[in-house]
Amino acid sequence: MVHCCYFRSIAHLGLGLLFLFPALPEPLPALATPPDPILAQATDLKTSLSQLLVPLRGAIAALKAADVPKARLAFLEFKRGWDQIDDAVEKQTDAGAEAIDDQVERVEDLLIETPNPDRPQTVFALERLEQLITTTMPKL
């Protein structure tokens with residue numbers, strides 16, 4: 010008799026919980042890559058590209074100050090954002106995106122792949138990348 014009442018109480022509790030929580034919330038879909046915080050506020054492609062100039066200019070300033078680790082981090086932050094918008098820029102201006110891609114690879118070779126980067130050469134490459142971006146923005 011005690012067992013019967015025990016199971017009945019559990020059944021009532023279960024039904025009560027069903028009324029309180031009729032459906033479990035659906036899990037959020039997983040993102041392939043987390044969104045870049047720099048680009049989170051961007052409303053259009055031109056704004057996104059403009060916002061990427063911040064870490065790029067940070068890389069230039071850090072390298073001019075001989076802070077190679079900081080320059081690398083800033084450039085990698087830029088590159089992460091560029092990788093997110095590269096295809097969209099390419100759809101609107103193929104030549105501009107291709108020139109930027111080529112320069113990103115050049116900077117990557119000079120700054121990231123080289124243990125002791127040649128600072129003047131790398132600063133020049135970063136400034137060229139900045140110039141390519143600023144000349145591409147009006148075409149978007």
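Residue numbers for the sequence shown follow this note's numbering, so the first one is 10 and each next one is one higher.
Built from N, CA and C at the ideal position, the CB exists for glycine as well.
Quick one: what's got a C-beta closer than 7 Å to Leu-59's C-beta in the same chain, skipping five residues either side?
-> Looking at the sequence provided, one finds Ser at residue 59 rather than Leu. Excluding residues within five positions, the ones whose Cβ falls inside 7 Å are Met-146.
Glu-86, DSSP secondary structure in three states | helix
So Ala-104 packs on Val-98, CB below 8 Å; how close in whole Å?
-> The pair is not a contact, with the Cβ atoms about 11 Å apart (cut-off 8 Å).
Run through DSSP, which three-state label would Leu-61 get?
-> helix
Shortest alpha-carbon distance to Asp-110 belongs to which of Thr-123, Ala-70, Lys-88?
-> Comparing Cα positions, the closest option is Lys-88.
Excluding sequence positions up to five away, which residues of its chain have a Cβ less than 8 Å from the Cβ of Ile-142?
-> Leu-58, Leu-61, Leu-62, Leu-65, Ile-109
First and last residue of the uninterrupted alpha helix (DSSP H) at Thr-143 | 128-145
Taking the alpha-carbon positions, what's the Glu-122 to Glu-86 distance?
-> 16 Å
Environment of Pro-126 [buried if 16+ CB atoms lie within 10 Å] = buried
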